[in-house]
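Protein chains in written order, with the working numbering: chain D, 1136 to 1247; chain V, 27 to 138.
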């Protein structure tokens, strides 16, 4: 099992550009989520999904879109990047019946 | 407002010292409390606590939950330089939505 994978590892964008952060898991986990981590702020939940076709907002959803067309994939879209979205982004997954969440390696995003 | 608060924010100790990290939480429909260790990359799972008063132990690390007082502690005995990391506490809550909310973390530095 590859676990939770994320691409790219690093990305630099200009203000106003759009892009998609990819996340995939091969553990058949129903629950997938996206977090951003900023210094002194801990991990904050952006969006989450409890299964294919079902998504919901977390603490900081503005400026981000998600979709869940398959169990395996949960991409995060930045529609019009802003410097405030400079952060490290983590994708995570778990089974709905268990509480242990597994994290991907992260994507470091810089918006100029 | 649902929240998780960790203390101290940072801590510097010498090898061989014992440290205690604190985590308090206020969430709706609490389900479990999780501890993660984060070095330079993604958080890695340490413990999950669901019941009060039952200590979880793994080597030199141990943790306990008090559901009446709404807090948990993580103890590390005989610290080593490899214990240097950010320790994150998170509360799983929300019933069907099962959201995980993180504290800001405790940065532990163990000096030789």
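No residue lacks a Cβ here, since even glycine has one placed at the ideal position from N, Cα and C.
- What is the rounded straight-line gap between the Cα of residue 1218 (chain D) and the Cα of residue 1228 (chain D)? Residue 1218 (chain D) and residue 1228 (chain D): Cα-Cα distance of roughly 27 Å.
- Message: Using only the alpha-carbon positions, how far apart do residue 27 (chain V) and residue 52 (chain V) sit?
- Response: 8 Å
- Near-chain D residues of the segment 65–93 of chain V - C-beta to any C-beta below 7 Å: 67, 68, 69, 71, 74
- Task: Tell me, please, which residues DSSP counts as bridged to residue 38 (chain V).
- Result: Paired residue(s): V:135.
- Item | chain V residues whose Cβ lies nearer than 7 Å to that of residue 1238 (chain D) | 68, 69
- Item | residue 1163 (chain D) to residue 104 (chain V) span [Cα, whole Å] | 39 Å
- Message: With a threshold of 6 Å on Cβ separation, who are the neighbours of residue 1186 (chain D) within its own chain once the five nearest residues in sequence on each side are excluded?
- Response: Its chain contains 1165 as the residues whose beta carbon lies nearer than 6 Å to that of residue 1186 (chain D), once the 5 sequence neighbours on both sides are disregarded; these appear in chain order.
- For residue 1182 (chain D), the first and last residue of its enclosing beta strand (DSSP E): 1177–1186
- Could you confirm whether any beta carbon from chain D is found closer than 8 Å to the beta carbon of residue 118 (chain V)? yes
- Item | chain D contact for residue 56 (chain V) (CB, 8 Å cutoff) | Interface residue (Cβ-Cβ distance to chain D less than 8 Å): residue 56 (chain V) is not classified as such.
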